[in-house]
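Asker: The structure that follows is given in the form of structure tokens.
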Amino acid sequence: MKKKEYFLRYTVFIVGLFFAGVGVAFTKHGNLGVTPISSVANVMSLKIPALSLGNWLIIWNCVLIVAQILILRKDFKPIQLLQIPLSFLFGWFTDLGMIFVSNIPINSYFMQILMLIIGIVVLAFGISLSVIANVIMNSGEALVKAISDKTRFEFGYVKVGFDVFCVISAVVLSLIFFNGEIVGTREGTIISALLTGFVIKFLTKYLRKPVEKIFREKD
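According to this note's numbering, numbering within the sequence shown proceeds without interruption in unit steps and concludes at 311.
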């Protein structure tokens with residue numbers, strides 16, 4: 093692969109991270125719950141608001157990277173350490189997205205649902221770009237792959253199990269920190285878990301050809 097193609101692929105990946113971060117910000121602003129993988133960070137940001145959602149996402153993603161290292165050990169490739177700076181970018185993009193959406197009035201349940209749907213579509217768009225770029229996996233998907241490789245369980249089943257683990261962890265943390273009350277995890281978390289994958293699949297199908305055409309362009 094030529095240097096220019098590497099550059100273009102990482103550029104598209106970073107653009108995808110930006111849209112993914114903004115998508116999370118939309119779902120957060122709707123206050124119906126964020127995606128499963130972001131749910132633990134969301135609860136922690138409510139418990140300790142001195143650190144933003146973006147900062148907690150950075151911490152959470154770094155925890156997932158450490159988990160990969162513990163699972164894969166010598167099979168963990170050094171290139172995967174790029175997940176660390178990319179996790180910081182994702183966290184910063186999420187906080188930037190929170191600034192973008194902060195002035196959108198949420199005065200009805202309809203607006204909450206609208207924010208959730210917009211967030212799912214924008215997030216899925218960003219993830220689709222990252223998938224098509226095909227340079228490195230985000231920390232959550234990379235952890236799922238690591239578990240799948242080591243256990244020989246199918247990736248899809250492990251992904252579902254991981255999402256369930258994230259939601260249960262968020263609920264347990266909420267019950268502990270908020271006197272038995274569930275906060276930060278609502279119907280939006282379930283809706284996003286059910287819809288995001290389908291939207292990613294749909295968008296990737298139509299985006300792959302034009303985006304990959306950019307990668308194949310000659311100097």
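In this text, a Cβ means the ideal position worked out from N, Cα and C, and glycines have one as well.
These figures come from a predicted structure and were not determined experimentally.
For a minimum of 4 consecutive residues, which ranges assigned as the alpha helix (DSSP H) are wholly contained in the stretch 198-250?
Answerer: 201-225 and 231-243
Asker: So, are the CB atoms of Val-135 and Cys-258 less than 8 Å apart?
Answerer: For the purposes of this step, residue 135 is identified with residue 43 of the sequence shown, where counting begins at 1. For the purposes of this step, residue 258 is identified with residue 166 of the sequence shown, where counting begins at 1. Cβ atoms of Val-135 and Cys-258: not closer than 8 Å.
Asker: Using the three-state DSSP reduction, which class does Gly-272 fall into: helix, strand or coil?
Answerer: Along the sequence shown, one-based indexing puts residue 272 at 180. Of the three classes helix, strand and coil, the one that applies to Gly-272 here is coil, per DSSP.
Asker: Per DSSP, what kind of secondary structure is Leu-124 in: helix, strand or coil?
Answerer: Against the sequence shown, residue 124 aligns to sequence position 32. Looking at Leu-124 - three-state DSSP - the assignment turns out to be coil, as it is neither helix nor strand.
Asker: With burial defined as no fewer than 16 other Cβ atoms inside 10 Å of the residue's Cβ, what is the status of Leu-109: buried or exposed?
Answerer: Along the sequence shown, one-based indexing puts residue 109 at 17. Classification for Leu-109: buried.
Asker: So, helix, strand or coil for Thr-281, using DSSP?
Answerer: Translated into the one-based positions of the sequence shown, residue 281 becomes position 189. Thr-281 falls in the helix class under three-state DSSP.
Asker: According to DSSP, is Asn-153 helix, strand or coil?
Answerer: Here residue 153 refers to the residue found at position 61 when the sequence shown is read from its first residue. The answer is helix: DSSP assigns Asn-153 an H, G or I state.
Asker: Would you tell me roughly how many angstroms separate the C-alpha atoms of Trp-53 and Tyr-249, rounded to the nearest one?
Answerer: The structure shown does not extend to residue 53, since the chain spans only 93 to 311, so no value can be given for it.
Asker: Using alpha carbons as the reference points, say which of Tyr-298, Ser-144 and Val-303 lies closest to Ile-191.
Answerer: Within the sequence shown, residue 191 is the residue found at index 99, counting from 1. Nearest option by C-alpha distance: Ser-144.
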